[in-house]
């Protein structure tokens, strides 16, 4: 946080920057910038959530001057969420285009990326205000389709980061166990592996009881049964001798983490099924075929995963990561450790955020903004439960398109994880920087 405060202070003036930087720890500008952009996205997401707060419309109606100047229905509800997230997505899309082919901090555009925060905040606020003047007409339906596509793409990025996290976690604890011979790491690996598999098994049983009962729920039965087979298959694959020979530290912890994520996506997909007889999540909130917007457990978990993915991508180093196996280029998502703090910089004392990208950028500026733009669309779809907007904009309808988007991402998750296991065998001559 200190790096962000220092960067913001530099927008106001050199004196403020010097006073602030003198009492803050040093960090890379590549790290501080990524965290600052993530905080902008997080704050925008909180504002979008506030738009759905119960009683907000009634509170605004108590202020006659507000609703006289503007239609209160325009600034609350799902449509307001769409407009706020549209502003965030447009802002990051703009910077995605501006930052194409920035190779080092010597490029003048790098200064825009790592500074001028006051003006960037004004730009985002300006786009947000302008978004509320977009006519309703077909905005909701059209933007929902874009949101479905963008949300799906962000789920792919999210699961890539999750796969990297699972591998990194397991490899770190195995390495510490081998170095210290402390059984705490061994029992820790065993505990979390068993816990995740038990959670997955319990969830599958509950799915059969509540979501896949009766003859009319054949699709849900297929989803649960097929994904159960996939979970068992990847768990066996992870411990095969051939895989262990290529990746000695690959194990069941990674498979158990992926299993829980697959189960979550399966649950999330089934909660979007408009068939009330197979979707108990709709029963309580159903009103004449529509569903009121609410923050349920699926939404909360989705937002937590979104927060994890964004922050993880902002601070994680690509060294020894699994991302390279999937993307064939680690620098697109994670940060490369480039540059070092020189002695002269240390002697300055007041230098807090130092430039580590004079030779080359530590990450792709353009792709990072592309990812945050997709994250904005994912937040929009998550907050509105991936439902389809109704004609009167007061309620949302369950959406089969969202079901298939989530299930497709679920199966893609399995494929990507399998690829991280077999990649060293399929491409033996390629260096994947495994630990």
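In my numbering, the protein residues as written are 1 to 435.
Glycine included, each C-beta is placed from N, C-alpha and C at the ideal position.
Residue i - containing alpha helix (DSSP H), residue span
{"i": "residue 113", "result": "108-114"}
{"i": "residue 221", "result": "218-238"}
{"i": "residue 369", "result": "365-383"}
{"i": "residue 29", "result": "29-50"}
{"i": "residue 202", "result": "183-210"}
{"i": "residue 154", "result": "139-180"}
{"i": "residue 91", "result": "77-98"}
{"i": "residue 315", "result": "297-315"}
{"i": "residue 257", "result": "252-270"}
{"i": "residue 132", "result": "No alpha helix (DSSP H) holds residue 132; DSSP gives it neither H nor E."}
{"i": "residue 244", "result": "241-246"}
{"i": "residue 406", "result": "400-426"}
Straight-line Cα distance separating residue j from residue i
{"i": "residue 46", "j": "residue 85", "result": "11 angstroms"}
{"i": "residue 386", "j": "residue 175", "result": "41 angstroms"}
{"i": "residue 437", "j": "residue 381", "result": "Because the chain in this structure spans residues 1 to 435, residue 437 falls outside the shown range and cannot be described."}
{"i": "residue 270", "j": "residue 205", "result": "14 angstroms"}
{"i": "residue 154", "j": "residue 231", "result": "22 angstroms"}
{"i": "residue 101", "j": "residue 36", "result": "21 angstroms"}
{"i": "residue 109", "j": "residue 427", "result": "37 angstroms"}
{"i": "residue 384", "j": "residue 78", "result": "6 angstroms"}
{"i": "residue 301", "j": "residue 243", "result": "32 angstroms"}
{"i": "residue 378", "j": "residue 88", "result": "11 angstroms"}
{"i": "residue 5", "j": "residue 115", "result": "Caution applies to residue 5, whose pLDDT of 48 falls short of 50 and renders its modelled position unreliable; the value that the coordinates give is listed next. Cα to Cα, the separation comes out at about 12 angstroms."}
{"i": "residue 477", "j": "residue 277", "result": "Not covered by the structure: residue 477. The range shown for the chain is 1 to 435."}
{"i": "residue 213", "j": "residue 264", "result": "19 angstroms"}
{"i": "residue 119", "j": "residue 211", "result": "49 angstroms"}
{"i": "residue 372", "j": "residue 34", "result": "10 angstroms"}
{"i": "residue 14", "j": "residue 93", "result": "Its pLDDT being 37, under 50, residue 14 is placed unreliably in this model, and the value from its coordinates should be taken loosely. Approximately 30 angstroms, taken between the alpha carbons."}
{"i": "residue 128", "j": "residue 83", "result": "7 angstroms"}
{"i": "residue 48", "j": "residue 117", "result": "21 angstroms"}
{"i": "residue 95", "j": "residue 148", "result": "22 angstroms"}
{"i": "residue 97", "j": "residue 415", "result": "31 angstroms"}
{"i": "residue 443", "j": "residue 261", "result": "Nothing about residue 443 can be reported from this structure: the residues present for the chain run from 1 to 435 only."}
{"i": "residue 360", "j": "residue 122", "result": "29 angstroms"}
{"i": "residue 267", "j": "residue 104", "result": "44 angstroms"}
{"i": "residue 197", "j": "residue 254", "result": "11 angstroms"}
{"i": "residue 166", "j": "residue 281", "result": "30 angstroms"}
{"i": "residue 111", "j": "residue 304", "result": "32 angstroms"}
{"i": "residue 425", "j": "residue 152", "result": "29 angstroms"}
{"i": "residue 259", "j": "residue 200", "result": "7 angstroms"}
{"i": "residue 401", "j": "residue 375", "result": "19 angstroms"}
{"i": "residue 30", "j": "residue 99", "result": "14 angstroms"}
{"i": "residue 113", "j": "residue 216", "result": "53 angstroms"}
{"i": "residue 248", "j": "residue 315", "result": "26 angstroms"}
Classification of residue i by the beta-carbon crowding that lies within 10 angstroms, buried from 16 upward
{"i": "residue 202", "result": "exposed"}
{"i": "residue 81", "result": "buried"}
{"i": "residue 236", "result": "exposed"}
{"i": "residue 126", "result": "exposed"}
{"i": "residue 297", "result": "exposed"}
{"i": "residue 410", "result": "buried"}
{"i": "residue 251", "result": "buried"}
{"i": "residue 406", "result": "buried"}
{"i": "residue 180", "result": "exposed"}
{"i": "residue 218", "result": "exposed"}
{"i": "residue 239", "result": "exposed"}
{"i": "residue 138", "result": "exposed"}
{"i": "residue 417", "result": "buried"}
{"i": "residue 363", "result": "buried"}
{"i": "residue 344", "result": "At residue 344, the pLDDT of 45 sits below 50, so the modelled position is not reliable; the number obtained from the coordinates is stated separately. Answer is exposed; the Cβ neighbour count stays below 16."}
{"i": "residue 349", "result": "Any reading at residue 349 must be qualified, since the residue scores a pLDDT of 46, below 50, and its modelled position is unreliable; the value itself is stated next. When all chains shown are included, residue 349 counts as exposed."}
{"i": "residue 365", "result": "buried"}
{"i": "residue 224", "result": "buried"}
{"i": "residue 195", "result": "exposed"}
{"i": "residue 157", "result": "buried"}
{"i": "residue 413", "result": "buried"}
CB contact below 7 angstroms: residue i versus chain D
{"i": "residue 107", "result": "The structure shown contains no chain D; it holds only a single protein chain."}
contact_flag[the segment 28-48, the segment 303-315] where n(CB pairs < 8 angstroms) is 3 or more | yes
Determine, using beta-carbon pairs with one atom in the segment 217-234 and one in the segment 414-421, whether at least three such pairs fall under 8 angstroms.
-> Judged by Cβ distances under 8 angstroms, the segment 217-234 makes contact with the segment 414-421, as three or more pairs qualify.
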